[in-house]
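This report refers to the structure that appears directly beneath it.
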Amino acid sequence: MNKLTRRDFTSKITKGTGAAMVAASLPMGINAACTPDKKLGIALVGLGSYSTYQLAPALQDTKNCYLAGIVTGTPSKAISWAKKYSLAEHCIYNYENFDTIKDNKDIDIVYVVLPNAMHADFCIRAAKAGKHVICEKPMAMNVAECEQIISACKKANVKLGMGYRLHSEPYTQQVQEFVKKKTYGDVTFVSAEAAYRSTGNPDQWRLNRELSGGGALVNMGVYAIQSAIYGTGENPISLAAQEFSTRPEYFKDTDETITAQLNFPSGAIANITTSHNFSANSMYVAGTNGWFKLQPANNYGPLSGSTSDGKVLDFPHESQQKLQMDDFASHILHGSTNLAPGEMGKRDMIIVSAIYESIAKGGKTIPLDIPKDYGFA
Ligand code: NAD
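Start counting at 1 in the sequence shown, then tack on 381, and there's your number in the numbering used here.
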């Protein structure tokens, strides 16, 4: 088998950090020309497992941003994090005094890493405080909340990015390039799976609809939706969905397993599966001249991929979170492409809502009215 590395491609994959400068779009307070080496200060809101084990370690290696502050409801975490990461006292907040962050010049970006039901509130408060915002997935509880976040960021003239780390990751970027260049012909079919088996505390927030907004679909299903979209390069025009429940005593309040079929304007179709009851982590794309696949396709990496003409994708592994946060900071500092804009989060929430609607209507096909390029970077 041939090894396919990034160097094999004549045209480089578009990376946020390498994209064109757009000085006119620089937000308030940031003058990239005068501060070429400036690193932006990030404050993490919510110090749970994702912040602790992925984001904070990644921020030790980022080149465009650094861990400048924290927002936590747990005083003991404030003490241990301040010590571990040498955080200044004036950069430590709790949920009540968070709004005073507006006076803190050392914090440029607020990264909301809380249970889903709290995303909209903290993203909007961050925007009102004049801070750029990164919002974790799923963007919010419903489409209306996504719109509120987007309009709060527009009104405050701050940038908004989603925590969709895969858009900064080379295997995913290679998939996007195959689709764009039609390397394996026109895409006709995508199969995408994103799932894991949940066995922990049945009272965790992810299984509580009031805090999560849904089950497997909002947690893992967004990755499968994303794969279907960057696997076809299009937004879907309709979908139908089904729900399966085999452990109702554990999944009392949220969906366990969902499948959905999506139709795209070109005629391509996608079949997606998501679950909190079994493991699955892959995407397969069939084109008129061959196929390519990633497996795994959506964990923290390294990912792995191959193609119908015997190539093995082989990219060096870097922290996806590091790449993602550096790309977003570069978007602010240098005007490079925002690889996962807020509109992408809203688009995915429109699809999530349509999937739930289809299930509620017994698998009925639901038409979607998402503009052709809406949500793409
Ligand atoms: P977690 O349960 O480990 O942490 C949640 C944090 O929120 C904790 O610090 C907790 O104290 C705090 N919190 C505040 N109010 C709370 C409440 N009412 N109930 C429960 N916790 C409360 O969760 P996590 O895995 O860190 O996930 C946080 C967010 O990050 C979620 O939106 C999740 O979808 C997202 N996430 C994204 C990725 C990714 O790969 N992009 C990976 C993991 C999690």
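Glycine residues also receive a C-beta, built at the ideal position from the N, C-alpha and C atoms.
Short check: CB of residue i to CB of residue j, under 9 Å?
i: Asp754; j: Gly668; result: no
i: Tyr434; j: Thr453; result: no
i: Pro519; j: Gly427; result: no
i: Gly542; j: Pro722; result: yes
i: Val733; j: Val599; result: yes
i: Ser685; j: Leu694; result: yes
i: Ile759; j: Ser619; result: Absent from the structure is residue 759, since the part of the chain shown begins at 382 and ends at 758.
i: Ala532; j: Tyr665; result: Sequence check: residue 532 is Ser here, not Ala. No, they are not a contact pair.
i: Leu495; j: Gly429; result: yes
i: Ala758; j: Met706; result: no
i: Lys465; j: Ile488; result: no
i: Ala507; j: Met522; result: no
Kindly indicate the opening and closing residues of the beta strand (DSSP E) around residue i.
i: Trp672; result: Gly671 to Leu675
i: Cys516; result: His513 to Cys516
i: Leu541; result: Leu541 to Met543
i: Arg578; result: Val568 to Arg578
i: Val693; result: Lys692 to Leu694
i: Thr688; result: Gly686 to Thr688
Using the DSSP secondary-structure output, state which residues sit across from residue i in a beta bridge.
i: Val426; result: Val452 and Val493
i: Leu620; result: Leu643 and Ile747
i: Pro722; result: Gly542
i: Ala651; result: Val571 and Leu643
i: Val666; result: Val571 and Phe673
i: Cys446; result: Leu421
i: Asn658; result: Arg578
i: Thr638; result: Phe625 and Ser656
i: Tyr474; result: Val452
Where does the unbroken alpha helix (DSSP H) through residue i begin, and where does it stop?
i: Ala501; result: His500 to Lys509
i: Phe709; result: Gln701 to His715
i: Ala533; result: Val524 to Ala537
i: Leu592; result: Arg590 to Ser593
i: Thr613; result: Val603 to Thr613
i: Thr327; result: Within the shown structure, residues of the chain are numbered from 382 to 758, placing residue 327 beyond reach of any answer.
Touch check for the stretch 572-585 and the stretch 653-662: three-plus C-beta pairs under 8 Å? Two segments are said to touch when three or more pairs of C-beta atoms, one from each, lie closer than 8 Å; by this definition the stretch 572-585 touches the stretch 653-662.
Report yes or no: do the stretch 730-743 and the stretch 708-720 share at least 3 C-beta pairs separated by less than 8 Å? Taking one beta carbon from each stretch, the stretch 730-743 and the stretch 708-720 have fewer than 3 pairs nearer than 8 Å; the two do not touch.
Can at least three beta-carbon pairs, one atom from the stretch 548-560 and one from the stretch 523-531, be found at a separation below 8 Å? No: fewer than three Cβ pairs fall under 8 Å.
Are at least three pairs of beta-carbons, each pair with one atom in the stretch 600-614 and one in the stretch 637-650, less than 8 Å apart? Three or more beta-carbon pairs separated by less than 8 Å link the stretch 600-614 to the stretch 637-650, which places the two stretches in contact.
Below 8 Å, can you find three or more Cβ-Cβ pairs linking the stretch 554-563 to the stretch 633-640? No contact exists between the stretch 554-563 and the stretch 633-640.
Sufficient close CB pairs (3 or more, under 8 Å) joining the stretch 618-633 to the stretch 531-547: With a cut-off of 8 Å, the stretch 531-547 and the stretch 618-633 do not count as touching, because too few Cβ pairs lie within range.
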